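The next block holds one structure in the form of structure tokens; read it before the comments.
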Amino acid sequence: YEVDPEDACAGRPVGHLHASPDCTHHSQASGGQPRRKALRSLSWVVHKWAGKVRPRIITLENVHQIVNWSPLVAKRCKSTNRVIKVDRTVAAPGEVVPVNEQFLVPDKSRKGHNWNRFIHGLRDLGYTVEWKLIKACDYGAPTTRERLFLIARCDNKPIVWPRKTHAGDG
Numbered sequence: 002y003e004v005d006p007e008d009a010c011a012g013r014p015v016g017h018l019h020a021s022p023d024c025t026h027h028s029q030a031s032g033g034q035p036r037r038k039a040l041r042s043l044s045w046v047v048h049k050w051a052g053k054v055r056p057r058i059i060t061l062e063n064v065h066q067i068v069n070w071s072p073l074v075a076k077r078c079k080s081t082n083r084v085i086k087v088d089r090t091v092a093a094p095g096e097v098v099p100v101n102e103q104f105l106v107p108d109k110s111r112k113g114h115n116w117n118r119f120i121h122g123l124r125d126l127g128y129t130v131e132w133k134l135i136k137a138c139d140y141g142a143p144t145t146r147e148r149l150f151l152i153a154r155c156d157n158k159p160i161v162w163p164r165k166t167h168a169g170d171g
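Take the sequence shown: its letter number 146 is residue 147 in the working numbering, and every next letter is one higher.
Shown next, in the form of structure tokens:
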């Protein structure tokens with residue numbers, strides 16, 4: 002958040018920006034943990050760089066659940082509908098709980114809203130954008146973990162995905 006792209010690049014052109022924003026708060030592995038808006042919003046830094054120094058190519062890697070990225074809302078008690086706090090207690094009747102003390106969860110009614118805004122924002126900045134799920138083991142990494150990869154280009158050249166190097170036929 003703190004780095005100014007123009008200062009960091011000192012007028013030099015940017016050929017490739019790779020982003021790998023924290024995925025913990027998008028992943029199923031995060032389970033029932035409280036979500037932190039600051040970590041979930043790290044992807045927006047890509048827009049800052051795209052708008053200020055216009056990298057020719059942008060790549061982003063994250064968990065596949067990022068496509069469900071949505072605004073956060075306070076988790077509510079099923080029996081009282083009152084806000085649940087980070088410490089897992091239920092707010093008292095009429096208590097106003099500051100956002101930083103709320104147990105935040107993705108808003109299911111707006112599933113994918115932030116991801117769609119993120120993609121449209123890159124397109125509005127003149128980028129062609131594609132993404133796909135890739136298994137690292139298909140490219141020689143010693144893991145079967147599946148990750149989402151995004152490529153965005155603003156140089157009018159086609160997006161070319163790497164060919165699998167270690168994939169079997171079945």
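Virtual Cβ for every residue (Gly too), placed ideally from N, Cα, C.
Since this is a predicted model, take the numbers as computed values, not measurements.
Beta-carbon separation (whole angstroms), W70 vs N115, contact threshold 8 Å: 4 Å
Stretch pair the segment 134-153 + the segment 104-115: three plus CB contacts closer than 8 Å: no
Beta-carbon contacts of A137 that lie in its chain and below 6 Å, excluding the five residues immediately before and after: T144, R146
Beta strand (DSSP E) segment containing H17, residue limits: 17-20
Three-way DSSP call (helix, strand, coil) for E96 in this model: coil
Coil, strand or helix - A51 by DSSP: helix
CB-CB length for V15 against P56, believed under 8 Å: 4 Å
Buried or exposed (CB count within 10 angstroms, at least 16 for buried), R154: buried
N157 classed as buried or exposed, judged by whether at least 16 other C-beta atoms fall within 10 angstroms: exposed
Backbone secondary structure at P35 - three-state DSSP: Caution applies to P35, whose pLDDT of 47 falls short of 50 and renders its modelled position unreliable; the model cannot decide the point.
Which listed residue (V46, Q66, I85, T81) has its alpha carbon closest to that of A75: I85
T81 and H19 closer than 7 Å at C-beta: no
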